[in-house]
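Residue numbers (this note's numbering): 17 to 117.
Beta carbons: idealized from backbone N, C-alpha and C, even for Gly.
What you are looking at is a predicted structure, and each value in this text was computed from that prediction instead of being measured.
Shown next, in structure tokens, is the structure this report addresses.
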Amino acid sequence: DDLRLTRARDYLPTQAESPWGAPGALPLKDVSGHATTFCRFLASELVPYVDRNFRTSATKGSRALIGKSFGGSGVAHAMFEEHCAGCFQYFLLGSPSLAWD
Numbered sequence: 017d018d019l020r021l022t023r024a025r026d027y028l029p030t031q032a033e034s035p036w037g038a039p040g041a042l043p044l045k046d047v048s049g050h051a052t053t054f055c056r057f058l059a060s061e062l063v064p065y066v067d068r069n070f071r072t073s074a075t076k077g078s079r080a081l082i083g084k085s086f087g088g089s090g091v092a093h094a095m096f097e098e099h100c101a102g103c104f105q106y107f108l109l110g111s112p113s114l115a116w117d
């Protein structure tokens with residue numbers, strides 16, 4: 017799947033290779049581990065853009081961050097990352113790939 021590398025880059029908090037081996041898949045170790053960068057992008061660029069350009073309730077208490085699988089790992093990281101923790105009130109992890117870390 018073509019998005020596997022970008023999902024690993026954006027959602028996984030540390031550089032790691034798949035604990036399951038994923039036969040025939042491209043290695044992830046050199047691209048994974050940028051979840052903090054993605055969290056900072058969400059909090060400093062994406063959320064302010066959405067608030068400026070769309071009718072939103074622009075408060076932490078009205079925002080949720082939701083992710084499944086690799087995205088769930090990213091949400092687990094975001095809960096403890098100061099930029100995202102200050103931007104979102106609710107965090108929903110769906111079947112997060114926590115075995116990575």
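Bounding residues of the alpha helix (DSSP H) (the contiguous stretch that carries residue i)
i, result
"G90", "86-96"
"T72", "Segment: none, T72 is in no alpha helix (DSSP H) and carries neither H nor E."
"T53", "51-57"
Beta-carbon proximity list for residue i, same chain, < 8 Å, skipping 5 on both sides
i, result
"T52", "P29, H93, E97"
"L58", "L81, A94, H99, C100, C103"
Beta carbon of residue i nearer than 8 Å to that of residue j
i, j, result
"S113", "G88", "yes"
"R79", "Q105", "yes"
"S85", "S111", "yes"
Backbone secondary structure at residue i - three-state DSSP
i, result
"G102", "coil"
"L109", "strand"
"L81", "strand"
Cut-off 7 Å between Cβ atoms - residues of its own chain near residue i, not counting five sequence neighbours on either side
i, result
"A23", "In the sequence as presented, Ala is not what sits at residue 23; that position holds Arg. Same-chain partners within the cutoff: F86."
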